[in-house]
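Here is the structure we will look at.
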Amino acid sequence: MNCNLHTFLSSLTSDNLVKKDFLISYEGQDFKTMSEGKQAFVLLLIKLQFGDKDCPLLIDQPEDNLDNRSIVSDLVDYIKKEKLKRQIFIVTHNANIVVGAYSENVIVANEHDENAPNPEEVQFYYKNGGLEDIDIKTEVCEILEGGQGAFKFRVNRYNFKS
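Every position in the sequence shown, counted from 1, becomes a number in my numbering once 1081 is added.
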């Protein structure tokens, strides 16, 4: 057989000669026994740990299939640590991520309809800023919490004592 060294070495590691298996576990739990949400979270951790740290990262709805306890205790904590090393863009519908991860810049997207009209009735309207901005805070509360009334209702309903 007449081939260069690269071709020869590649043929040795082709799928039909060498089989690679990886055992993945997180906090003592085997990857195969995890829920889909936890599996997605663990894969995100792997991506963040071994991915290119010089590149921004775009994450689309990391909260999917995760309960809010996992979001707050695992995902948000990890995002807060990782954002110190790289720029992270997150598309989310979860207030725990936006508020809990101390988002520096929130982009609110609103699709025009009867209940949420946009200026000049444009199809989509975007505004951005930090949670310190009262307009952004109001929009985040409205969209992610259901509004101040819904948020206050939950606070009163839980009736936690300090």
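Backbone N, C-alpha and C define an ideal beta-carbon position, used for all residues, glycine too. Bear in mind that the values here come from a model prediction, so they are computed numbers and not experimental data.
Assuming Val1187 and Val1221 are in contact, meaning their beta carbons sit under 8 Å apart, how far apart are those beta carbons, in whole angstroms? Rounded, the Cβ-Cβ distance is 6 Å, consistent with contact.
Pull the bridge partners of Lys1113 from the DSSP assignment, please. The partner list for Lys1113 (beta bridge, DSSP) is empty, contrary to what the question assumes.
Cut-off 7 Å between Cβ atoms - residues of its own chain near Ile1152, not counting five sequence neighbours on either side: Glu1144, Asn1175, Asn1177 and Ile1178
Pull up the DSSP beta-bridge partners for Ala1190, would you. In the DSSP output, where bridge partners are listed per residue, Ala1190 has Tyr1207.
Decide if the segment 1164 to 1171 is in contact with the segment 1202 to 1209; the criterion is three or more beta carbon pairs, one per stretch, under 8 Å apart. no
So, at 7 Å on beta carbons, what are the nonlocal neighbours of Leu1126 in its own chain, with the 5 sequence-adjacent residues on each side left out? Tyr1159
Buried or exposed for Asp1215, going by 16 or more other Cβ atoms inside 10 Å? Correcting the residue identity first, residue 1215 is Ile in this sequence and not Asp. Exposed, because fewer than 16 other Cβ atoms sit within 10 Å of the Cβ of Ile1215.
Does the Cβ of Lys1119 have 16 or more other Cβ atoms within 10 Å, making it buried, or fewer, making it exposed? A residue is called buried when at least 16 other Cβ atoms come within 10 angstroms of its Cβ; Lys1119 meets this threshold and is buried.
Consult DSSP for Ile1065 and reduce its assignment to one of helix, strand or coil. Outside the displayed range of the chain (1082 to 1243) lies residue 1065, so it cannot be described from this structure.
According to DSSP, simplified to helix, strand and coil, what is Tyr1159? Per DSSP, reduced to three states, the secondary structure at Tyr1159 is helical.
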